[in-house]
Amino acid sequence: MTGWGMATVHATTMAPTKLELLTGWLPRQPWYRGFGTPALSRAGGFRLDDPAGEVGIELMLVSDGTGAGATTYFVPLTYRGAALDGADAGLVGTSEHGVLGTRWLYDAEHDPVASAQLLAFVAGAVEAQHQSESDTLDPTVGRSWTGDGQPRAVELVRVPEPGVPTAGRGAVEVDWTRPDGSTARGVVAVAR
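Each step along the sequence shown adds one to the number in this note's numbering, with nothing skipped, and position 155 is 205.
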């Protein structure tokens, strides 16, 4: 893809930052394993394009803590220029983007555009984009689909574990960086 697309990554600021928003949001999730306020750091991720060019889709991994006790979470986000009707339960927060203005950040599980693009990725219809480089594919993101036709649903693995096999007919597998600098790889989404 060339030209203006949602995979365009702007060199700008966001206030509050994504990690600041996630620090307040993450402890309220039922799959959060920590206690108190998380100490988050970026661990990896990738992007998917919205074919309409309206919604930013970033499938992030963040680590909470340091050393062997750190937990990695899969927190896919969407960025929108206006509130998404009916998705209040998935709102992570709003942020001021230095180029695009106010952005509404949602847990991608609550965003139909992200769900459709993740299904399309598993089926091989779209490609993963690099998390921090514009218009650049990310070939490290793995996908598999052994079912007939298109996958019907994708279940997110919120706390991915290295080497845990998928229980579905398809999966999305990514690398992430642990707080100690080592690399792990595991399944972040299971397709059915």
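Quick reminder that beta carbons are idealized off the backbone N, C-alpha and C, glycines included.
Candidates the options: which alpha carbon is nearest residue i's?
i           : options            : result
residue 199 : 189, 211, 119, 169 : 169
residue 173 : 156, 219, 155      : 219
residue 133 : 156, 111, 121, 125 : 156
For a cutoff of 9 Å on Cβ pairs, would you count residue i as touching chain B?
i           : result
residue 176 : The question asks about chain B, but that chain is absent: this structure has only one protein chain.
For residue i, which three-state DSSP category applies?
i           : result
residue 100 : coil
residue 192 : strand
residue 153 : strand
residue 179 : strand
residue 91  : strand
residue 134 : coil
Roughly how many whole angstroms lie between the Cα atoms of residue i and residue j?
i           : j           : result
residue 164 : residue 116 : 30 Å
residue 239 : residue 142 : 20 Å
residue 230 : residue 204 : 30 Å
residue 144 : residue 235 : 31 Å
residue 215 : residue 225 : 15 Å
residue 135 : residue 166 : 17 Å
residue 237 : residue 211 : 7 Å
residue 103 : residue 160 : 18 Å
residue 128 : residue 177 : 17 Å
residue 232 : residue 201 : 33 Å
What is the C-beta distance between residue i and residue j, in whole angstroms, given that I count them as a contact (C-beta under 8 Å)?
i          : j           : result
residue 90 : residue 72  : 6 Å
residue 81 : residue 209 : 6 Å
Could you tell me whether the stretch 106–115 touches the stretch 192–201, where touching means 3 or more Cβ pairs closer than 8 Å?
The stretch 106–115 makes no contact with the stretch 192–201; the number of CB pairs closer than 8 Å stays below 3.
Decide yes or no for the touch test of the stretch 166–185 against the stretch 146–157: beta carbon pairs closer than 8 Å, at least 3 of them.
The stretch 166–185, when compared against the stretch 146–157, does not touch it at the 8 Å Cβ threshold.
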